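Protein chains in written order, with this note's numbering: chain G, 1 to 131; chain W, 1001 to 1131.
This is the structure we're talking about:
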């Protein structure tokens, strides 16, 4: 069966989307990502879309869904490698990818995730010290 | 045009193969990998094949070619995520992937590459100190 592989790198998960995303594949990916986060206790999800030349509303919604599901499981999501043409189309379609952070490269995305994780850690420490 | 994305993580390049590899795609990948190594001065190439259920002699030869080309450019190659069935088929086909190191997961592959790079560094230092 077709399946998008999820690579584990330290506390992060890395997903490279290359195939055209259809309904079944998107549901499978959501299922796989949530299970990996819960299995490995991952704190960040990096989704590389550099090989996608078209991001339609379905893929946009899938990305937003994965980000929202990851957040409730305690992991931040960053989408990396968006092509300029994709950014233009997304804005023209009126889609702003709510709740999804973006970065230009995988490395920048990793930095962003590690900073976000540290901030989240500090915040919960602050809450604890205030309690 | 269809193209397999190459992600840069520090001094390593990460390639996730998901599509069926045909002639043109394989040549494009060899071309892309060699250019990236020379552009970024990468010291290691990680190729994830966890989503491949079949590795035929063509893909095997492509992997071996990429490893050989990377080596002359100064980068080690590790193939990660091979499915058990693929390993069985490769051996039954009489293919041993000469010159290609393998590891079970991306993390193990990264460790292997970083060790290999350090060893290579020490060797050249030894050569220098002997000279």
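For each residue, glycine too, the CB sits at the ideal point set by N, CA and C.
What you are looking at is a predicted structure, and each value in this text was computed from that prediction instead of being measured.
Is the CB-CB distance between residue 1047/W and residue 1088/W below 8 angstroms?
no
Cβ pair residue 151/G, residue 79/G closer than 8 angstroms:
The question about residue 151/G has no answer, for chain G in this structure spans 1 to 131.
Just how far apart, CA to CA, sit residue 83/G and residue 117/G?
26 angstroms
Would residue 33/G pass as an interface residue toward chain W - the criterion being a Cβ-Cβ separation below 8 angstroms?
no
Determine the direct distance from the alpha carbon of residue 1119/W to that of residue 26/G, and round the result to whole angstroms.
42 angstroms
Taking only beta carbons into account, state which residues of the region 1099-1111 of chain W come closer than 8 angstroms to chain G, listed in chain order.
1105, 1106, 1107, 1110
Between the CA atoms of residue 1033/W and residue 68/G - distance to the nearest angstrom:
34 angstroms
Neighbouring residues, chain G, relative to residue 1050/W (Cβ below 7 angstroms):
5
Starting from the beta carbon of residue 1019/W, find every residue of chain G whose beta carbon is closer than 9 angstroms, and list them in chain order.
18, 19
Give me whichever residues DSSP pairs with residue 1044/W in a beta bridge.
1012/W, 1076/W
Taking the alpha carbon of residue 1081/W as the reference point, which residue from 1003/W, 1021/W, 1102/W has its own alpha carbon closest?
1102/W
Output yes if chain G places a C-beta closer than 8 angstroms to the C-beta of residue 1071/W; else output no.
no
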